[in-house]
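**Q** Got a structure for you, questions after.
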Amino acid sequence: MPRTTTVESSGCPPLRALTFDVLGLIKVVEARGGQNGDAAKVVERWGEPDASKCVLSASILDRESRPLIGIARKSGSVEIISAINGDLQVQIPDLCQPEDDSIVGVHLLQKHKSGSSSRSCALLASTTKGHVRMESVKLGKTPEKSVRDPSPTVWNVCGSGNILCSKVSEDENHALFGGKGPPKDNLGIFTPTWFTCATFLSKDDHRKFVAGTNSHQVRLYDISAQRRPVISIDFRETAIKAVSEDIDGNTIYVGNGSGDLATFDIRTGKLLGCFIGKCAGSIRAIARHPELPVIASCGLDSYLRIWDVQTRQLLSAVYLKQHLTSVVFDSHFRSEAPAPQVETAAEEDKAEATPVKRKKEHRGTRKAKSKSSKRSKCEED
Amino acid sequence: MGRLEAQYKLKYAHYPARSVRWAQSPKSTLIIGGIKISRSDFFRRPLIPWREKQILQPRRGVRAAGSSRTRVQEYIKDKMKDLLPSAIKNKEKRSEVHAKLKHQKKLEKKKKAKVREAAEKQALELGEEPPARPVPRTIENTRELDETVCKPDDEELFAGNDADEFSCILKEERTPKVLITTSRFHSSRGPAFIDELISVIPNTHYHKRGTYDLKKIVEYANNKDFTSIIVVHTNRREPATADALLVIGLPSGPTAHFKLSRLVLRKDIKNHGNPTNHQPELVFNNFTTRLGHRIGRLIQSLFPQDPNFRGRRVVTFHNQRDFIFFRHHRYIFETKESKEPQSKGKGKKEEAKTQEKVITRLQECGPRFTLKLISLQHGTFDTKGGEYEWTHKPEMDTSRRRFFL
Numbered sequence: 001m002p003r004t005t006t007v008e009s010s011g012c013p014p015l016r017a018l019t020f021d022v023l024g025l026i027k028v029v030e031a032r033g034g035q036n037g038d039a040a041k042v043v044e045r046w047g048e049p050d051a052s053k054c055v056l057s058a059s060i061l062d063r064e065s066r067p068l069i070g071i072a073r074k075s076g077s078v079e080i081i082s083a084i085n086g087d088l089q090v091q092i093p094d095l096c097q098p099e100d101d102s103i104v105g106v107h108l109l110q111k112h113k114s115g116s117s118s119r120s121c122a123l124l125a126s127t128t129k130g131h132v133r134m135e136s137v138k139l140g141k142t143p144e145k146s147v148r149d150p151s152p153t154v155w156n157v158c159g160s161g162n163i164l165c166s167k168v169s170e171d172e173n174h175a176l177f178g179g180k181g182p183p184k185d186n187l188g189i190f191t192p193t194w195f196t197c198a199t200f201l202s203k204d205d206h207r208k209f210v211a212g213t214n215s216h217q218v219r220l221y222d223i224s225a226q227r228r229p230v231i232s233i234d235f236r237e238t239a240i241k242a243v244s245e246d247i248d249g250n251t252i253y254v255g256n257g258s259g260d261l262a263t264f265d266i267r268t269g270k271l272l273g274c275f276i277g278k279c280a281g282s283i284r285a286i287a288r289h290p291e292l293p294v295i296a297s298c299g300l301d302s303y304l305r306i307w308d309v310q311t312r313q314l315l316s317a318v319y320l321k322q323h324l325t326s327v328v329f330d331s332h333f334r335s336e337a338p339a340p341q342v343e344t345a346a347e348e349d350k351a352e353a354t355p356v357k358r359k360k361e362h363r364g365t366r367k368a369k370s371k372s373s374k375r376s377k378c379e380e381d
Numbered sequence: 382m383g384r385l386e387a388q389y390k391l392k393y394a395h396y397p398a399r400s401v402r403w404a405q406s407p408k409s410t411l412i413i414g415g416i417k418i419s420r421s422d423f424f425r426r427p428l429i430p431w432r433e434k435q436i437l438q439p440r441r442g443v444r445a446a447g448s449s450r451t452r453v454q455e456y457i458k459d460k461m462k463d464l465l466p467s468a469i470k471n472k473e474k475r476s477e478v479h480a481k482l483k484h485q486k487k488l489e490k491k492k493k494a495k496v497r498e499a500a501e502k503q504a505l506e507l508g509e510e511p512p513a514r515p516v517p518r519t520i521e522n523t524r525e526l527d528e529t530v531c532k533p534d535d536e537e538l539f540a541g542n543d544a545d546e547f548s549c550i551l552k553e554e555r556t557p558k559v560l561i562t563t564s565r566f567h568s569s570r571g572p573a574f575i576d577e578l579i580s581v582i583p584n585t586h587y588h589k590r591g592t593y594d595l596k597k598i599v600e601y602a603n604n605k606d607f608t609s610i611i612v613v614h615t616n617r618r619e620p621a622t623a624d625a626l627l628v629i630g631l632p633s634g635p636t637a638h639f640k641l642s643r644l645v646l647r648k649d650i651k652n653h654g655n656p657t658n659h660q661p662e663l664v665f666n667n668f669t670t671r672l673g674h675r676i677g678r679l680i681q682s683l684f685p686q687d688p689n690f691r692g693r694r695v696v697t698f699h700n701q702r703d704f705i706f707f708r709h710h711r712y713i714f715e716t717k718e719s720k721e722p723q724s725k726g727k728g729k730k731e732e733a734k735t736q737e738k739v740i741t742r743l744q745e746c747g748p749r750f751t752l753k754l755i756s757l758q759h760g761t762f763d764t765k766g767g768e769y770e771w772t773h774k775p776e777m778d779t780s781r782r783r784f785f786l
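These protein sequences, in sequence, are chains Y and H.
In terms of my numbering, the first sequence has 209 at position 209, counting the first letter as 1, and numbering is strictly consecutive.
With positions in the second sequence counted from 1, the corresponding number in my numbering is that position plus 381.
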């Protein structure tokens with residue numbers, strides 16, 4: 001007898017997700033919802049396949065008017081495109097040399113000092129070698145007319161080792177960098193932890209964050225309590241490759257290198273359940289929808305999968321042909337006529353300059369607070 | 382309706398029709414179509430005809446006509462049709478019934494074939510299109526629909542192929558150079574298998590494993606400009622029990638982990654040939670999905686891409702139900718002159734009448750083995766921090782008709 005299980009699936013709610021792959025393509029996947037529970041499908045493809053334009057990291061500025069996407073390419077450039085039609089808004093070339101350094105994370109900040117109009121945005125990009133750069137860009141009608149900040153803020157977050165992940169907290173006052181420490185010394189006594197992914201746990205508390213390590217551990221850190229991890233959970237056998245937080249602030253989603261996707265209650269470290277049966281390849285990115293109870297996962301098996309958070313059932317799977325590197329949700333998508341929507345809480349505006357706190361995890365030698373003050377100094381400069 | 386039948390129906394009307402079941406009573410009687418037969422009677426030979434005489438003969442001295450008797454027999458036969466031979470407990474009887482059924486089926490099949498052939502012949506004579514032959518349903522052609530199957534008009538696929546790790550070898554910008562090594566301990570059939578692999582794959586170099594880590598070997602091979610590494614694992618002196626053949630693409634992966642089974646070495650193949658040093662031709666069958674495509678390309682990149690057709694050597698990787706069968710052959714085209722029987726006696730026309738017929742002959746060179754993909758890892762060998770592009774998990778085996786390659 002074939003071991004088959006049929007589970008009643010309520011179908012995919014209307015949503016819009018954008019995926020980024022190793023050939024530099026951006027694919028827009030939309031699910032229309034509706035009674036017949038239409039499956040999600042690819043509606044648009046932006047860009048031409050080109051291996052040198054491989055997307056390394058992507059971030060969405062999720063807002064009602066002029067949503068933007070920041071894309072870090074393998075060639076060392078960062079592009080800002082419109083999330084509606086994929087038009088190039090700004091291109092920042094040569095952020096780093098592609099031969100010896102690559103961009104690890106790019107974040108579009110919602111609130112920044114130079115006003116909060118939809119015609120400008122700020123961008124934080126970090127590279128493997130630890131160079132971080134923050135600059136603001138005024139968008140023009142064409143890429144040529146956009147004006148870049150002439151004096152971007154640039155600083156270094158680590159002297160040796162590699163940065164592998166970066167994350168900006170929800171209030172955008174703090175950033176988190178994690179990575180691989182320098183190789184162990186000739187005595188080989190201590191190997192610093194190799195972080196592969198990290199995320200802040202809740203919106204209002206930047207001190208708690210979760211990190212996944214290469215030695216298949218998920219760790220909860222609370223820098224207000226201690227420098228060592230508060231909870232450390234072993235998960236399967238391969239390296240953790242993606243961690244994402246839920247909006248409730250205590251559930252996290254974990255994906256690893258052999259395609260296991262699970263959800264944990266991080267307060268107790270208890271495994272709530274696995275998303276089983278489908279994923280065959282490493283999970284590179286997990287995205288939680290800001291409103292709907294769904295998550296999207298994508299990775300090396302070239303599928304974008306939409307899962308229900310409560311039942312942990314697969315709602316939809318879309319085959320996208322390439323190894324995917326990143327996925328983001330566009331939460332302002334409505335399947336029918338666009339009606340005025342309630343803005344998400346993250347939409348508030350703050351015009352003041354916000355210091356960004358850096359947290360380097362792999363060495364853990366410096367105090368986080370001192371870094372914070374340093375960063376504010378940079379800001380003043 | 383005959384009188385007898387009417388009587389019979391009336392008498393047994395309260396029994397459920399067409400039911401066959403053993404009664405609950407310890408006497409254990411069988412009820413067939415409302416007729417009670419004790420178990421022992423049922424399996425004794427005279428069976429129904431005799432029994433029915435007892436039951437169905439009218440008791441009041443009224444003799445049944447012959448015709449009504451056959452009718453009753455038919456009725457009982459009809460009832461017996463639903464009884465499977467496997468429900469009969471007596472082995473002799475069961476095999477008898479089974480053989481009979483089988484024979485009947487065979488006859489029916491023959492009849493069908495005859496009818497079909499006749500129809501085809503007729504259609505040919507009439508110059509029509511013969512009716513389409515039914516295609517047998519096999520597991521392969523009823524495989525579950527897979528959207529990852531590559532389509533020939535998929536430009537993204539070709540763009541992906543151009544960008545992948547093997548393209549420089551397959552475009553002949555780099556000549557493949559393969560390093561073969563083993564697990565730490567190996568003996569017996571392992572070295573013999575490696576010898577044969579070296580004879581199959583050109584430009585292969587065997588290096589002793591020693592006590593090196595595989596990661597160190599990968600590093601070494603990268604420095605020496607190798608393009609692939611093959612690691613043959615042995616267990617209990619036998620490569621086919623170790624479940625592992627690693628193929629590592631260099632410099633940046635991927636790493637395929639195969640289960641190796643059913644290994645037959647050259648010397649164990651009857652009438653085997655000995656391969657020459659020519660570069661072999663390659664045949665890849667049924668690598669349909671995106672994953673299969675990638676595996677195919679990985680294996681293809683072990684071989685040089687310019688075969689020596691003079692060598693008439695062919696290496697086949699045939700995928701069937703996710704098992705990859707490896708075969709190695711030599712082939713030859715022979716022209717055979719076949720004389721037509723009419724041309725006897727007439728010496729002049731004899732030469733003209735001889736037909737040249739080309740036949741192909743194959744000779745297996747060995748070895749022979751079967752591979753099954755266990756995992757495909759992104760990047761070179763790394764068990765700790767490696768990312769898998771595909772791994773087999775037990776929960777993926779939801780159906781016999783689901784294949785991944």
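We treat Cβ as the ideally placed atom computed from N, Cα and C, and that holds for glycine.
#1: With contact counted as at least three CB pairs below 8 Å, one residue from each stretch, are the region 204-215 of chain Y and the region 163-181 of chain Y in contact?
#2: Given this structure, state the Cα-to-Cα distance separating Lys377(Y) from Trp155(Y), to the nearest angstrom.
#3: Looking at chain Y, which residues of the region 611-636 of chain H have a Cβ within less than 8 Å of any of its Cβ atoms?
#4: For the alpha helix (DSSP H) containing Glu501(H), list its first residue and its last residue.
#5: I'd like the list of long-range same chain contacts for Leu631(H), defined as Cβ closer than 8 Å, with 5 residues on each side in sequence excluded.
#6: Which value, in whole angstroms, describes the spacing of the CA atoms of Val254(Y) and Arg227(Y)?
#7: Would you report the Cα separation of Gln438(H) and Gln454(H), rounded to the nearest angstrom?
#8: Looking at chain H, is there any beta carbon in it that lies within less than 7 Å of the beta carbon of Lys184(Y)?
#9: Reducing DSSP to helix, strand and coil, say where Val157(Y) ends up.
#10: Of all the options Val29(Y), Phe20(Y), Ser57(Y) and Ala31(Y), which has the alpha carbon lying nearest to the alpha carbon of Gly47(Y)?
#11: If you run the structure through DSSP and keep just helix, strand and coil, what is Ile650(H)?
#12: Using 7 Å as the limit for Cβ to Cβ distance, is Thr772(H) near chain Y?
#13: Can you have a look at Pro583(H) and say buried or exposed, based on whether 16 or more other CB atoms are within 10 angstroms of its CB?
#14: Which partner residues of Thr263(Y) appear in the DSSP bridge assignment?
#15: Listed from N- to C-terminal order along the chain, which residues in the region 519-539 of chain H have their beta-carbon within a distance smaller than 8 Å of any beta-carbon of chain Y?
#16: Smallest Cα separation from Glu172(Y): which of Ser316(Y), Ile189(Y) and Thr199(Y)?
#17: Which of the three DSSP states, helix, strand or coil, is assigned to Glu536(H)?
#18: Would you please state the rounded distance, in angstroms, between the beta carbons of Leu109(Y) and Leu124(Y)? I believe it to be under 8 Å.
#19: Look at the alpha carbon of Asp778(H) and the alpha carbon of Ile223(Y), and state the distance between them as a whole number of angstroms.
#20: Under three-state DSSP, which class holds Ser548(H)?
#21: At a CB-CB cut-off below 7 Å, which residues of chain H make contact with Tyr319(Y)?
#22: For the region 178-212 of chain Y, which residues have a CB atom closer than 9 Å to at least one CB atom of chain H, in sequence order?
#23: I want to verify the contact list: residues of chain Y whose CB lies under 9 Å from the CB of Arg671(H), in sequence order.
#24: Quick check on the burial criterion: 16 or more other C-beta atoms within 10 angstroms. Buried or exposed for Glu135(Y)?
#25: Would you list the residues sitting across from Trp46(Y) in a DSSP beta bridge?
#26: Counting contacts by CB-CB distance shorter than 7 Å, is Thr19(Y) in contact with chain H?
#27: Helix, strand or coil: how does DSSP classify Lys738(H) here?
#28: Within the same chain, show all residues whose beta-carbon is closer than 8 Å to that of Gly195(Y), passing over the 5 residues directly before and after it, in chain order.
#29: Are Val696(H) and Leu663(H) close, meaning C-beta to C-beta below 7 Å?
#30: Once you ignore the five residues that flank Lys383(Y) on each side, which residues in its own chain have a CB closer than 6 Å to its CB?
#31: Starting from Leu641(H), follow its DSSP beta bridges and name the residues at the other end.
#32: Under 9 Å, CB to CB, which of the residues in the region 47-81 of chain Y have a partner in chain H?
#33: Residues of chain H with CB under 7 Å from Thr311(Y), in chain order?
#34: Where Ile71(Y) and Cys279(Y) are concerned, what is the direct C-alpha to C-alpha distance, given to the nearest angstrom?
#35: Quick one: residues in its chain with C-beta nearer than 7 Å to the C-beta of Pro511(H), no 5 flanking neighbours on either side, listed in chain order?
#36: Check the C-beta distance from Leu754(H) over to Ile676(H) and give it rounded, since I have them as a contact under 8 Å.
**A** Taking the definition as stated:
#1: yes
#2: Here residue 377(Y) is taken as the residue at index 377 of the first sequence, counted from 1. Here residue 155(Y) is taken as the residue at index 155 of the first sequence, counted from 1. Here the model assigns Lys377(Y) a pLDDT of 36, short of 50, so the residue's position is not dependable, and the following value carries that caveat. Roughly 11 Å separates the two Cα atoms.
#3: none
#4: Reading the second sequence from its first residue, position 120 is the one you call residue 501(H). First-last of the alpha helix (DSSP H) with Glu501(H): Lys472 to Glu506.
#5: Position 250 of the second sequence, counted from the first residue, corresponds to residue 631(H). Hits under 8 Å: Val599, Ala602, Asn603, Phe607, Thr608, Ser609, Ile610 and Thr761.
#6: Within the first sequence, the letter at position 254 stands for residue 254(Y). Within the first sequence, the letter at position 227 stands for residue 227(Y). Spanning the two alpha carbons is a distance of roughly 22 Å.
#7: Indexing the second sequence from 1 puts residue 438(H) at position 57. Indexing the second sequence from 1 puts residue 454(H) at position 73. The predicted position of Gln438(H) is uncertain, since its pLDDT is 49 and thus under 50; no value can be drawn from it.
#8: Stepping through the first sequence from its first residue, residue 184(Y) is reached at position 184. No, Lys184(Y) lies away from the interface with chain H (no Cβ there is under 7 Å from its Cβ).
#9: By 1-based counting over the first sequence, the position of residue 157(Y) is 157. DSSP places Val157(Y) in coil when its eight states are reduced to three.
#10: In the first sequence, counting from the first residue as 1, residue 47(Y) sits at position 47. Among Val29(Y), Phe20(Y), Ser57(Y) and Ala31(Y), the Cα nearest to that of Gly47(Y) belongs to Phe20(Y).
#11: Along the second sequence, one-based indexing puts residue 650(H) at 269. Coil, per DSSP.
#12: What you label residue 772(H) is simply residue 391 of the second sequence in a count that begins at 1. It does: the Cβ of Thr772(H) has a partner Cβ on chain Y nearer than 7 Å.
#13: Counting from 1 along the second sequence, the entry for residue 583(H) is found at position 202. Pro583(H) should be labelled buried.
#14: Here residue 263(Y) corresponds to residue number 263 of the first sequence, with the count starting at 1. Partner(s): Tyr253(Y) and Gly273(Y).
#15: Glu528, Thr529, Asp535, Glu536, Glu537 and Leu538
#16: The sequence position of residue 172(Y) within the first sequence is 172, counting from 1. Selected option, being the one with the closest Cα: Thr199(Y).
#17: Translated into the one-based positions of the second sequence, residue 536(H) becomes position 155. Of the three classes helix, strand and coil, the one that applies to Glu536(H) here is helix, per DSSP.
#18: By 1-based counting over the first sequence, the position of residue 109(Y) is 109. By 1-based counting over the first sequence, the position of residue 124(Y) is 124. With 8 Å as the limit, Leu109(Y) and Leu124(Y) qualify as a contact, their Cβ atoms being about 6 Å apart.
#19: Start at 1 with the first residue of the second sequence, and residue 778(H) comes out as number 397. Start at 1 with the first residue of the first sequence, and residue 223(Y) comes out as number 223. If you take the alpha carbons of Asp778(H) and Ile223(Y), they lie about 44 Å apart.
#20: Position 167 of the second sequence, counted from the first residue, corresponds to residue 548(H). Three-state result, Ser548(H): helix.
#21: Locating residue 319(Y) in the first sequence gives position 319, where the first residue counts as 1. Those are Glu528 and Thr529, listed as they occur along chain H.
#22: Trp194 and Thr196
#23: Residue numbering aside, residue 671(H) sits at position 290 when the second sequence is read from its first letter. Within 9 Å Cβ-Cβ: Ser302, Tyr319 and Lys321.
#24: Along the first sequence, read from residue 1 onward, the residue named residue 135(Y) stands at position 135. Burial call: buried.
#25: Taking the first sequence and counting its residues from 1, the one referred to as residue 46(Y) is at position 46. Its beta-bridge partners are Ile26(Y).
#26: Against the first sequence, residue 19(Y) aligns to sequence position 19. Answer no: the Cβ-Cβ gap between Thr19(Y) and chain H never drops below 7 Å.
#27: Within the second sequence, residue 738(H) is the residue found at index 357, counting from 1. Note: Lys738(H) maps to strand in three-state DSSP.
#28: Residue numbering aside, residue 195(Y) sits at position 195 when the first sequence is read from its first letter. Just to set this straight, residue 195(Y) is Phe in the shown sequence, not Gly. Contacts found: Leu164, Cys165, Gly178, Gly179, Lys180, Ala211, Gly212, Thr213, Asn214, Glu361 and His362.
#29: Position 315 of the second sequence, counted from the start, is the residue given in the question as residue 696(H). Position 282 of the second sequence, counted from the start, is the residue given in the question as residue 663(H). Closer than 7 Å, so yes.
#30: Since the first residue shown for chain Y is 1 and the last is 381, residue 383(Y) is missing from the structure and cannot be characterised.
#31: Working through the second sequence from its first residue, we reach residue 641(H) at position 260. DSSP, once it has assigned bridges, lists Leu752(H) as partnering Leu641(H).
#32: Glu48, Pro49, Asp50, Ala51, Ser52 and Cys54
#33: Indexing the first sequence from 1 puts residue 311(Y) at position 311. Simply none; closest approach about 17 Å.
#34: Here residue 71(Y) refers to the residue found at position 71 when the first sequence is read from its first residue. Here residue 279(Y) refers to the residue found at position 279 when the first sequence is read from its first residue. Near 25 Å, if we compare the C-alpha coordinates of Cys279(Y) and Ile71(Y).
#35: The sequence position of residue 511(H) within the second sequence is 130, counting from 1. Closer than 7 Å at Cβ, skipping near neighbours: Glu501, Ala504 and Leu505.
#36: In the second sequence, residue 754(H) corresponds to position 373, counting from 1. In the second sequence, residue 676(H) corresponds to position 295, counting from 1. Confirmed, Cβ separation roughly 6 Å.
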